[in-house]
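Asker:
Number of protein chains: 2
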Amino acid sequence: MTDIENSDSDRHARPLRHARYWTDTSELLLESGARIPEITVCYETYGKLNDARDNAVLICHAISGDSHVARHDDDDDPGWWDLLVGPNRPIDTERYFVVCSNVLGGCRGTTGPNFDDPATGRPYGADFPVITVADMVEVQRRLVAHLEIETLRAVVGGSLGGLQAIEWAVRAPTSLWGCVPVAAAPRLSSQGIAFDVVGRNAIRHDTNFRGGQYYDADGPEAGLALARMLAHITYLSDESMRKKFDPTRLSPRAVDSAFESMFSVGSYLAYQGDKFVERFDANSYVTLSTAMDLFDLGDGAQQLRRALAPSLCRWLLLSFTTDWLYPPQASRHIVDALVAQTKPVSYCNIDSSAGHDSFLLPDSMALGGPMIGAFLAHVGRDPSPKRAPAPRRSEATNIFDSMRVDQEMVVDLIPPRASVVDLGCGHGELLSLLRSRGRGPLLGIERDQEAIAECVGRGLEAIHADLEHGLEAIADQSYDVAVLSQTLQSIVDVAGVLDELLRVAKQVVVSFPNFAHKPMREMLLKEGRVPKAQGFYSYEWYNTPNRRFPSILDFLELCEARGISVARAIYIDSQTGETIDHEPNLNADVAIVALTR
Amino acid sequence: MTDIENSDSDRHARPLRHARYWTDTSELLLESGARIPEITVCYETYGKLNDARDNAVLICHAISGDSHVARHDDDDDPGWWDLLVGPNRPIDTERYFVVCSNVLGGCRGTTGPNFDDPATGRPYGADFPVITVADMVEVQRRLVAHLEIETLRAVVGGSLGGLQAIEWAVRAPTSLWGCVPVAAAPRLSSQGIAFDVVGRNAIRHDTNFRGGQYYDADGPEAGLALARMLAHITYLSDESMRKKFDPTRLSPRAVDSAFESMFSVGSYLAYQGDKFVERFDANSYVTLSTAMDLFDLGDGAQQLRRALAPSLCRWLLLSFTTDWLYPPQASRHIVDALVAQTKPVSYCNIDSSAGHDSFLLPDSMALGGPMIGAFLAHVGRDPSPKRAPAPRRSEATNIFDSMRVDQEMVVDLIPPRASVVDLGCGHGELLSLLRSRGRGPLLGIERDQEAIAECVGRGLEAIHADLEHGLEAIADQSYDVAVLSQTLQSIVDVAGVLDELLRVAKQVVVSFPNFAHKPMREMLLKEGRVPKAQGFYSYEWYNTPNRRFPSILDFLELCEARGISVARAIYIDSQTGETIDHEPNLNADVAIVALTR
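Take a look at the structure:
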């Protein structure tokens with residue numbers, strides 16, 4: 004028997020007991036040029052707006068969501084993001100004033116196709132104008148103004164909600180301090196659009212669609228259910244479907260449905276499809292999915308940079324490894340376009356098997372929820388808060404963390420007030436040190452997701468990326484200094500990464516272990532063993548994560564061959580902490596060099 | 004404007020001028036227990052059956068294909084696999100007698116839902132029994148018997164055709180020498196089934212479906228078109244759709260269709276959907292897609308091994324990197340189950356951006372076509388042909404290829420008639436040498452696809468796999484000898500791979516470079532440079548593909564620590580070719596050791 008959950012996003016239609024309705028009688032001019040004479044907005048709020056009116060967080064819902072983001076009290080129906088929103092939750096309603104409204108074009112209280120068109124006196128139906136995400140945001144801006152909030156602490160949303168958050172940042176840059184798009188992208192892929200097209204065709208070709216005027220009769224239930232089934236597949240992942248349905252492939256749950264239920268996955272889809280038509284309007288589905296498909300910040304890095312140029316806020320983007328509707332690499336395009344303009348942005352690609360729906364699931368958001376919470380705590384009127392909360396303790400992600408004798412020396416090599424990018428920043432120790440010593444702006448790049456979460460927890464900007472390609476998005480000479488601290492040994496393309504560091508920064512500081520240190524020479528000469536140093540190098544030749552073994556001489560020769568100048572060099576004995584001036588290639592085990600082109 | 008090609012698989016309905024029809028009046032007992040009183044088979048043949056009757060190749064078509072696999076002459080309509088089938092093509096019709104028949108349940112001449120049910124005198128329609136791939140193969144077996152062919156040279160097919168090829172191998176093991184499933188898997192994923200379920204629901208919920216009895220009226224054209232649109236998305240890849248539609252996203256080609264054409268990908272799908280309904284029967288689509296979904300060799304390695312146990316033929320499996328309908332890892336499950344039983348199998352995962360449809364496309368089959376051709380040339384009555392055709396020259400895939408002084412010595416360490424698995428076999432030089440010296444059976448494992456193609460070209464069995472995990476499928480002690488020749492340095496998990504080698508073989512022969520060779524010691528001691536050896540090691544410290552740098556002593560210590568015995572060891576100076584007996588860790592630059600547990 005297949006387990007069919009009643010997931011948060013699939014509640015049956017029910018009254019929204021805490022919803023408020025506000026009607027704005029001024030005409031809404033849509034992006035298309037069409038007009039809607041008046042707009043009713045259904046919204047819910049949580050917590051209290053403080054006296055400074057600077058603790059408001061707007062949450063935007065996904066295609067099938069509504070204003071009921073969380074339960075208001077124990078007796079209330081579940082909300083679609085109870086996981087994140089509530090007292091002492093990451094989006095803490097005891098700290099923030101949370102607002103969530105049903106989108107324009109929706110069917111849960113805000114003006115949409117199921118509203119009467121004042122011009123005709125009958126429902127808009129399929130005549131409801133084509134709307135865009137920008138139009139949705141315009142309505143939200145009116146609501147926020149109505150609530151007398153000048154600047155939002157942050158706009159947060161997943162999927163279609165994430166698109167709205169992005170739109171807020173570029174359309175109303177002075178109206179928010181923080182932007183948190185989750186599982187979102189600059190545009191849907193052609194594959195994603197294709198699935199939506201098939202879904203809309205299924206709705207419109209249902210004979211009950213009647214050109215969209217079905218409100219007095221049976222609606223296009225089969226078509227809407229087909230569209231939902233199809234979309235539902237794209238919200239899951241190959242992996243999650245395998246886990247869910249493979250053990251019971253041909254043992255479907257008996258569902259009372261007119262749809263095929265030969266396979267367990269079929270009975271699940273039948274159930275999801277049937278349930279959706281009870282609570283959703285087909286015209287709304289067509290309207291909202293079209294808006295998703297039309298959202299487009301442009302193709303290519305240049306267009307995307309231009310689109311994001313107006314943004315003034317800090318960003319936190321989250322994606323999920325198995326999301327194939329808004330895949331991680333698409334979220335990365337936004338990150339890259341922001342990084343290219345040195346706008347403050349953090350990004351984490353969260354490891355999850357659950358696909359696009361991950362943003363609604365506890366396991367997947369165990370890392371993401373606290374990151375959003377930390378981000379909200381660090382954004383506000385003051386863009387770079389001094390207060391750094393105690394970091395979470397986590398496993399060191401760099402084998403050298405425990406012995407970073409060189410960190411203070413690296414800081415000494417960096418000019419006051421210099422901007423710094425740290426490639427392989429780990430959990431942000433060096434960056435925190437740099438911040439406390441007045442350097443900034445700062446950006447970390449790190450491949451470990453827990454370390455990224457820790458950086459965000461410290462209020463640092465950090466990008467989750469492969470170190471070999473982590474700098475590509477950064478514009479030439481964007482930073483005063485780039486740091487590569489005890490990371491050189493794990494780099495495959497050493498020369499390429501050095502070139503990249505020198506491209507993005509005026510000066511590069513590299514620290515690395517010296518494999519021509521005297522004990523190592525002796526080990527090879529006298530013992531015939533390939534060197535493994537003490538302390539730093541507790542691994543054996545057959546299991547070390549290092550893959551490069553430079554001596555100081557080797558490194559300096561590489562620099563010379565590539566036209567890289569050594570502005571300063573410090574050589575140390577990490578056992579004693581002493582600086583070595585005499586024959587460093589023999590006597591030092593760590594080198595710290597400042598390079599320029 | 005979006006380019007809409009008239010692809011081979013999407014020809015408009017047309018008469019099959021060269022088709023023959025054979026009616027078998029004996030009852031067909033289906034796997035389900037249902038019966039079909041008589042069967043008509045539509046088939047085409049190419050080339051001539053030789054006197055030995057051992058040159059017949061059966062080709063099986065995919066869901067929307069038919070018997071017309073290739074054009075018969077210049078005036079003929081294009082076939083769906085002209086790419087591979089014809090004079091001097093990989094499946095050379097001047098050399099082989101090629102047979103292709105429309106499948107049972109199809110709608111292009113073979114008995115299917117559009118045939119009259121003798122019991123009622125009206126078309127079977129939706130009452131056509133549920134059939135399986137096994138039933139399709141049973142009908143093909145009758146046809147092959149009718150053609151008086153005892154044993155097929157090979158059965159070749161892609162997608163649903165690949166499933167039929169697999170079924171042949173397990174159902175009629177003595178009836179074929181070779182099996183070539185392309186873009187196929189032991190079972191469809193739950194995600195894949197889900198798409199099919201939505202497609203079938205779209206057909207059955209079309210009001211024109213009329214319970215499947217629509218032959219006298221308008222058929223469920225919208226439903227069938229929707230199913231086709233959806234399936235079409237799964238045949239492409241995210242990447243190929245991006246290339247095809249992103250540049251013209253909102254500039255659709257003007258198609259005369261009732262389906263949405265707001266987006267270019269939408270107009271393309273509308274066109275594909277409309278075109279498909281002109282040539283395909285909805286009941287057939289339901290029948291064949293259900294058969295695909297029901298095909299299931301079992302879940303898990305054990306079930307799969309049991310399912311494939313009857314097979315007696317040689318195998319060549321091809322998958323495509325971007326195929327997400329029958330993804331590479333699923334094809335690999337078949338390969339692994341065969342390897343686990345030391346059945347002769349080659350496998351290549353071809354790099355292609357075109358998704359599942361790659362098997363129909365020239366670019367993707369540029370490597371695969373010749374591999375199929377070479378495979379056909381090497382299978383037949385004699386399962387291990389002596390004649391090795393001149394291999395294609397390709398780039399050496401191993402940096403040591405040019406200097407494999409140790410190859411003869413490796414051969415000397417391998418007992419006569421020993422079976423051998425070669426991890427990192429490159430383009431098969433050592434394996435060819437071993438074959439010419441009477442060793443066998445032989446299996447190569449290699450990560451480079453061109454090298455795999457070359458191995459298959461030499462008539463060797465070779466598996467395209469990551470070296471770190473390439474041995475996992477092999478059963479304990481399946482081979483007399485496992486070889487790791489000049490590959491140790493690129494292995495991450497050295498100890499794990501050594502354990503694996505000793506698990507799968509009684510003896511392991513490893514050759515590796517000695518980084519404690521005298522010149523290297525001197526380089527580090529005197530020059531303070533991390534060693535780079537001459538000849539073998541033309542790379543620098545910062546760009547070498549090596550990541551392990553063992554000395555002979557280091558290696559022997561590792562063996563001792565892990566309870567591995569050194570049965571024999573040969574140390575050489577590769578510059579002179581001499582064997583080194585005195586202080587090999589100082590004087591030899593290459594070691595060849597035979598290990599046992």
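Line by line, the protein sequences are chains A and B. For the first sequence, the working numbering gives the first residue as 4, with consecutive numbering after it. For the second sequence, the working numbering gives the first residue as 4, with consecutive numbering after it. Glycine included, each C-beta is placed from N, C-alpha and C at the ideal position. Note that this is a predicted model, so its numbers are computed, not measured.
Along the segment 501 to 522 of chain A, what residues have a CB closer than 7 Å to any CB found in chain B?
Answerer: Against chain B - using a Cβ distance shorter than 7 Å - the residues of the segment 501 to 522 of chain A are Phe518, Ala519.
Asker: What do you get for B/Gly473, buried or exposed, if any count of 16 or more other CB atoms within 10 angstroms of its CB means buried?
Answerer: By the neighbour-count rule (16 or more Cβ atoms within 10 Å), B/Gly473 is buried.
Asker: Could you tell me which residues DSSP puts in a beta bridge with A/Ala465?
Answerer: Answer is A/Gly447.
Asker: With 8 Å set as the bound, which would you pick, yes or no: does the beta-carbon of B/Gly128 sit closer than that to a beta-carbon of chain A?
Answerer: For B/Gly128, the answer is no, since every Cβ of chain A falls outside 8 Å of its Cβ.
Asker: Please tell me whether B/Ala205 has its Cβ less than 8 Å away from any Cβ of chain A.
Answerer: Yes, its Cβ sits closer than 8 Å to a Cβ of chain A.
Asker: Between the alpha carbons of A/Ala206 and A/Leu227, how many angstroms are there, rounded?
Answerer: With the sequence shown as reference, residue 206 of chain A is identified as Ile, and Ala is not the correct amino acid for it. Each residue's Cα considered, the two are about 5 Å apart.
Asker: Just to confirm, is the Cβ distance from A/Leu33 to A/Asp138 under 8 Å?
Answerer: A contact, by the Cβ cut-off of 8 Å.
Asker: According to the Cβ coordinates, are A/Trp180 and A/Arg156 closer than 8 Å?
Answerer: Yes.
Asker: Between the segment 252 to 262 of chain A and the segment 363 to 380 of chain A, can you find at least three pairs of beta-carbon atoms closer than 8 Å?
Answerer: The segment 363 to 380 of chain A, when compared against the segment 252 to 262 of chain A, does not touch it at the 8 Å Cβ threshold.
Asker: Quick check: the Cα distance between A/Asn590 and B/Leu321, rounded to an integer number of angstroms?
Answerer: The straight-line gap from Cα to Cα measures roughly 56 Å.
Asker: So with Cβ pairs under 8 Å, would you call B/Asn588 a contact of chain A?
Answerer: Taking Cβ atoms only, chain A reaches closer than 8 Å to B/Asn588, which makes this a yes.
Asker: In whole angstroms, give me the CA-to-CA distance for A/Arg98 and A/Asn91.
Answerer: Whole-angstrom Cα-Cα distance: 8 Å.
Asker: Between A/Asp27, A/Ser422, A/Thr123, A/His520, which lies nearest to A/Lys2 when the distance is taken from Cα to Cα?
Answerer: Since the first residue shown for chain A is 4 and the last is 600, residue 2 of chain A is missing from the structure and cannot be characterised.
Asker: Checking contacts by CB at 8 Å: is A/His75 closer than that to chain B?
Answerer: With 8 Å as the cut-off, A/His75 does not count as an interface residue toward chain B.
Asker: Thinking C-alpha only, which one of B/Arg56, B/Leu61, B/Thr48, B/Ser243 is nearest B/Gly161?
Answerer: The shortest Cα separation from B/Gly161 among B/Arg56, B/Leu61, B/Thr48, B/Ser243 belongs to B/Leu61.
Asker: Could you tell me how far apart the beta carbons of A/Ile466 and A/Ile448 are, in whole angstroms, since I believe they sit closer than 8 Å?
Answerer: Contact holds; Cβ gap of about 5 Å.
Asker: Give the residues from the segment 310 to 344 of chain B that approach chain A closer than 7 Å (Cβ to any Cβ), ordered along the chain.
Answerer: Residues: none.
Asker: In or out: A/Asn53 buried (at least 16 other Cβ within 10 Å) or exposed?
Answerer: So A/Asn53 ends up on the exposed side.
Asker: Look at the alpha carbon of B/Phe323 and the alpha carbon of B/His336, and state the distance between them as a whole number of angstroms.
Answerer: Taking the straight line joining both Cα atoms gives about 14 Å.
Asker: Determine whether the Cβ of B/Gly36 lies closer than 8 Å to any Cβ atom of chain A.
Answerer: With 8 Å as the cut-off, B/Gly36 does not count as an interface residue toward chain A.
Asker: For B/Ile595, report the span of its alpha helix (DSSP H) as first-last.
Answerer: B/Ile595 -> not in any alpha helix (DSSP H); beta strand (DSSP E) instead, spanning 593 to 599.
Asker: Taking its Cβ as the centre, do 16 or more other Cβ atoms sit within 10 Å of B/Arg125, making it buried, or is it exposed?
Answerer: By the neighbour-count rule (16 or more Cβ atoms within 10 Å), B/Arg125 is not buried but exposed.
Asker: Would you mind reading off the limits of the beta strand (DSSP E) that contains B/Ala55?
Answerer: Here B/Ala55 belongs to no beta strand (DSSP E), and DSSP marks it neither H nor E.
Asker: With distance defined between alpha-carbon atoms, name the residue in A/Ser488, A/Thr28, A/Arg524 nearest to A/Val513.
Answerer: Considering only alpha carbons, the answer is A/Ser488.
Asker: A/His21 by DSSP, collapsed to three states: which one?
Answerer: Note: A/His21 maps to coil in three-state DSSP.
Asker: Helix, strand or coil for A/Cys458, going by three-state DSSP, please let me know.
Answerer: Note: A/Cys458 maps to helix in three-state DSSP.
Asker: What are the residues in the segment 542 to 556 of chain A lying within 8 Å of chain B by C-beta distance?
Answerer: Hits within the stretch, in order: Glu543, Trp544, Tyr545, Asn546, Arg550, Arg551, Phe552, Pro553, Ser554, Ile555, Leu556.
Asker: Please report the Cβ distance between B/Tyr271 and B/Phe248, rounded to the nearest whole angstrom; I am assuming they are in contact, meaning their Cβ atoms lie under 8 Å.
Answerer: Rounded, the Cβ-Cβ distance is 7 Å, consistent with contact.
Asker: Please confirm if B/Val569 has its CB atom under 8 Å from at least one CB of chain A.
Answerer: With 8 Å as the cut-off, B/Val569 does not count as an interface residue toward chain A.
Asker: Name the chain A residues that come within less than 9 Å of B/Arg245, Cβ to Cβ?
Answerer: Per Cβ cutoff of 9 Å: Ser192, Ser193, Gln194.
Asker: Among all the DSSP beta bridges, which residues are the ones paired with A/Gly160?
Answerer: Beta-bridge pairing links A/Gly160 to A/Cys63, A/Pro184.
Asker: Of the residues that make up the segment 264 to 275 of chain A, which ones have a beta carbon closer than 7 Å to any beta carbon in chain B?
Answerer: The residues in question are Phe266, Val268, Gly269, Leu272.
Asker: Taking Cβ positions only, does A/Met295 come closer than 8 Å to chain B?
Answerer: No, because no Cβ of chain B sits closer than 8 Å to the Cβ of A/Met295.
Asker: Return the CA-CA distance between A/Leu504 and A/Ile169, expressed in angstroms with no decimal places.
Answerer: For A/Leu504 and A/Ile169, the distance between alpha carbons rounds to 30 Å.
Asker: If we require 3 or more residues per run, which beta strand (DSSP E) segments fall completely within the segment 168 to 241 of chain A?
Answerer: Runs found: 179 to 185.
Asker: Can you say whether B/Ala519 is buried or exposed, counting buried as having 16 or more other CB atoms within 10 angstroms of its CB?
Answerer: Buried is the call here.
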